[in-house]
Amino acid sequence: MGNAFDFGLIVIAAMVFTAGMWLKTLRIRFGEAENRTDRIIDRIRDALVSIGTHTKIRKEKPQGDMHYLLFLAFMVPLSVIVLVQFGVRLPSVLGALLSFTLEIVAVCGIYGTTMLAIRRYRDKPEALDSKCEDAVAYVVLYAIFATGFLTEGMRIAAGASPASLLTPFGFLLSFPFGVFPQTTLMSLLEGMWRLHLYLVLFTLATLPFGKFSHIVFGTLNTIFRNRGPKGAFAPIDIDNAEVFGVGQVELFTWKQLLDLDACVRCGRCQEKCPAFATDKTLNPKKIIQDIKTHLSAKTPALLMGKGDEFEDTLIDGKGVQQDDIWSCTTCRHCMEVCPMHIEHVDKIVDMRRHMVLMEGAMPQELVLVNKNLENNFNPWGVGWSERNDWMRRRSVAPRILTEEENPKFDILLWIGCAGSFDDRYQRVVASLVKVLDHAGISYGVLGGGEKCCGDPARSTGNEYLYQSLAMENIETMKGLGVTKILAPCPHCLKTLSTEYPQFGGDFEVVHHSTYLLELVAEHRLHLNKDMPRQITLHDSCYLSRYADITEEPRELLKSVGGVELVEMERSGTDNFCCGAGGGRMFMEEEGERINNVRTNEALETGVDTICSACPFCLTMLSDGLKAVGKEEDVAVLDLAEIIERALV
241 MGNAFDFGLI VIAAMVFTAG MWLKTLRIRF GEAENRTDRI IDRIRDALVS
291 IGTHTKIRKE KPQGDMHYLL FLAFMVPLSV IVLVQFGVRL PSVLGALLSF
341 TLEIVAVCGI YGTTMLAIRR YRDKPEALDS KCEDAVAYVV LYAIFATGFL
391 TEGMRIAAGA SPASLLTPFG FLLSFPFGVF PQTTLMSLLE GMWRLHLYLV
441 LFTLATLPFG KFSHIVFGTL NTIFRNRGPK GAFAPIDIDN AEVFGVGQVE
491 LFTWKQLLDL DACVRCGRCQ EKCPAFATDK TLNPKKIIQD IKTHLSAKTP
541 ALLMGKGDEF EDTLIDGKGV QQDDIWSCTT CRHCMEVCPM HIEHVDKIVD
591 MRRHMVLMEG AMPQELVLVN KNLENNFNPW GVGWSERNDW MRRRSVAPRI
641 LTEEENPKFD ILLWIGCAGS FDDRYQRVVA SLVKVLDHAG ISYGVLGGGE
691 KCCGDPARST GNEYLYQSLA MENIETMKGL GVTKILAPCP HCLKTLSTEY
741 PQFGGDFEVV HHSTYLLELV AEHRLHLNKD MPRQITLHDS CYLSRYADIT
791 EEPRELLKSV GGVELVEMER SGTDNFCCGA GGGRMFMEEE GERINNVRTN
841 EALETGVDTI CSACPFCLTM LSDGLKAVGK EEDVAVLDLA EIIERALV
C-alpha cells in the first residue's frame, strides 16, 4: 500500500526525530562528566526488565495498571512489526491467535487510556497539572487506536474469512462498511491505513518533544540510574575543585540534566513529599520542572558560549527558591516512587553545597550547628571532653578502645552524637550496651576518639566539614583495626556504610535491629519475659528507604512475647517521615509540623507504645506526643529498650 510519498514521510519523520534527539543531547551535554556507563550490559538488561514489567509504576494503583495496559497496546504490535521485518512467518493457527491477541491488547490500551484521561480530567488529583501537551497526547492516542480499528474493519469488509471471527471488534466494525462498493471500500481502506501510518509517524517524529518524550528519556534514565551505594552523595574534590556545588544549571552532571527530560510530571514525588504534605513551599516535581525551565531559557546562551552573561540565576531567580532547598528532609520518598528514577535529593544537596560553600548562605540555625561541629565535633556543641559522661550517668561501662591497648574485639559500637549527648537517647544506648553484655559480645567503643560521623554537615551542604570529620574518624578506626561497626542510628549507618568507603573507610556496618535479630536467632539472647503491649513501629526513612531494612525490626518485635504489632496506614518503605532528616532536626519548622502528622498517625492505631529505631525519630515522636498532651498515655521506646526489658 505504501508509495514514494509515504517513504518520503518516513524519511522526514526519522530526520525530525534525529534532529530532536541531537538538540536534546546537546543540552544534556552541557552537564558535568559523570560515569554512568559501567556494567552497561547489566544496566540495559535491568532496564528492559524494569520497563517490561512496569514493577515500579504498577505500585501506584490503579493508574499504574492502566499505564501498563497502554504500554502493552503499543509494545506488542511494535514487536510484531519488528519480527515481520526479519521475515518471521507464523503458521496460520498461530497467526490467527496473534491477530486475536493484537486486538485484545488494543482494546485494553483504549481502556487504559480512557481511565487515565478520566483520572486527569474528571477526578483531577492535585498531583497532576494538566498542560496542552497532555491533551494532545490523548487525542493522538485515541486517533491511532481509532484508525487502527477502522482499518481492520474495512479490511475485513473487503475480504471476510472465517479467521475474521478471531478479531471480533474489527469484525463488528466491518458491517457498516459492507454497504460500500468494492472500489470505494478499497479507496477508503487505503486512506484510513495511510492516516493511521501518518499518525504513527507523527508520534515517532515528535518523540523527543512533548508528553511522549519520556518513552525515550525515561528509558535512558532507567539505563543510567545510580547503581552505586544507595543514597550516597557524590564527593567533591575539595583540593582541586574550582567551584563547589551547583549554582549554575550547567554544573549539574549530564545525568542530572537527563533527569529533567525524563520527568513526566506524574506527581508521585509530590504526593509523597512530607514537606509538601504539610504546606511547605517545597514540591519535588516543581523543583525538577523549574530547573528544566531554567535550562531551556539558558540553552541559547550556552550554545553561544555566553552562559556567564545569562542574567537569571538558578537559585532565587526564576529557577529554584532557597526556601525549597532548605525544606527538604532528604527522606528519599520522592526518589523511591519516581518511575523515571529521577534523583531529586542529590540535586537539592548539590544546591545546598553551593549556598554554603560558595555563598556562605544558610539558615541561621545551621550556622550554629556548623560551629558546634567544627569546635566540639557534635551538632549540639557540648564540650568534646564530655563525650564519655553518658556512661557514668547511665551506669554502664563499655570497653573504651585505645591503640596502646592493641585491642582485640569483634565489633565496634558506634555511639553517635545523640547517644553521647542527648539525655533521652543515652538511655537507648545504655540499653543496647546491657543487651550486648548479656549476649557476651566482644565489643568496644571509641570514647573520646569518636567524632560526629558528619551526616548533619554533608546533608546540609558543608562538604568540607563533612570530609574533615570523616577522614579523622576513618583514621581513628583504622588505627584500632576496626572491621565491623554496630550503628544504632540510621543516619550514622548510611554515612558509615555508603559514604566512608569514598575516602577509604571500608567497614562492615550493621544496624542494631539486624544485629539483635541475629543474636536472637543464634539463641544468644533469651527473650523470656513477656511484654503485653500493643506496639506500632515507625519506620525511619534512613532505615527503610536508604538501607532497605523494614522486616528486621518487625521480626525482632515479634520475637518478644506478648507484643501485638499494629501497623500504621503508611509503613515500610511507604512510611511518612518524622521531619528530622537533612538537617531539619536542628532547624525551626514553619506551619504544620511533620512530626505532629506522623505522631497522630501512630495514635490513630490505638496502641500504648510507639517503637522507633532512630534517635531523630525518637525525639520527633516524643515531641509530637507532648504537642497533643499524650506523653503520659503513650510511650516511645527504641528497639533496644524493648529487647532489654524482655531479657530474663
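For my numbering, count along the sequence shown from 1 and bump the result up by 240. Ideal placement from N, C-alpha and C gives every residue a C-beta, glycine not left out.
Beta-carbon gap between residue i and residue j smaller than 8 Å
| i | j | result |
| --- | --- | --- |
| K724 | E748 | yes |
| A313 | V345 | yes |
| L777 | I883 | no |
| E583 | N466 | yes |
| D848 | Q774 | yes |
| G239 | D519 | Nothing can be reported for residue 239: it is not among the residues displayed for the chain, which extend from 241 to 888. |
| I284 | W494 | no |
| V803 | T700 | no |
| C692 | L606 | no |
| A787 | L733 | yes |
| S598 | G694 | Correcting the residue identity first, residue 598 is Met in this sequence and not Ser. No, these two residues do not count as a Cβ contact at 8 Å. |
| V489 | L554 | yes |
| G687 | R627 | yes |
| P874 | I850 | Reading off the sequence shown, one finds Val at residue 874, where the question assumed Pro. Result yes, Cβ atoms of V874 and I850 sit closer than 8 Å. |
| V800 | A670 | no |
| G352 | L406 | no |
| T738 | K558 | no |
| F473 | D586 | yes |
| D564 | T521 | yes |
| V577 | R508 | yes |
| C513 | H581 | no |
| L356 | M306 | yes |
| A367 | Q562 | no |
| T754 | E792 | yes |
| V560 | A880 | no |
| R838 | L865 | no |
| L441 | A253 | yes |
| W654 | L783 | no |
DSSP-derived helix/strand/coil call for residue i
| i | result |
| --- | --- |
| I555 | strand |
| Y786 | coil |
| A820 | coil |
| T277 | coil |
| L777 | strand |
| V560 | strand |
| V622 | coil |
| V800 | coil |
| T518 | coil |
| T493 | strand |
| L705 | helix |
| I478 | coil |
| F473 | coil |
| A867 | helix |
| D501 | helix |
| D662 | coil |
| R764 | coil |
| N610 | helix |
| P524 | helix |
| F484 | coil |
| N615 | helix |
| T265 | helix |
| G600 | coil |
Those residues which DSSP pairs with residue i across a bridge
| i | result |
| --- | --- |
| Y683 | I651 |
| K724 | E748 |
| R298 | Note: R298 sits in no beta bridge, so no partner. |
| S852 | D878 |
| E272 | T493 |
| L805 | I775 |
| I640 | V685 |
Heavy atom of the ligand ATP within 7 Å of residue i beta-carbon
| i | result |
| --- | --- |
| N461 | With respect to the ligand ATP, the structure offers nothing, as it holds no ligand at all. |
Does the segment 672-688 touch the segment 564-582, meaning 3 or more C-beta pairs lie closer than 8 Å? no
Counting pairs of Cβ atoms below 8 Å between the segment 497-504 and the segment 443-460, do you hit three or more?
yes
| said: At 4 residues or longer, what runs of the alpha helix (DSSP H) sit wholly inside the segment 408-460? | reply: 408-417, 422-445
Quick one: any contact between the segment 630-644 and the segment 843-862, if contact means 3 or more CB pairs under 8 Å? no
ask   = Between the segment 614-633 and the segment 530-537, do at least 3 Cβ pairs fall closer than 8 Å?
value = no
**Asked** For the segment 432-449 against the segment 700-717, are there 3 or more C-beta pairs whose distance is under 8 Å?
**Response** no
inquiry  = Check whether the segment 412-427 and the segment 387-396 are in contact - that is, three or more C-beta pairs closer than 8 Å.
reply    = yes
* Asked: Between the segment 274-284 and the segment 303-322, do three or more beta carbon pairs fall short of 8 Å?
  -> no
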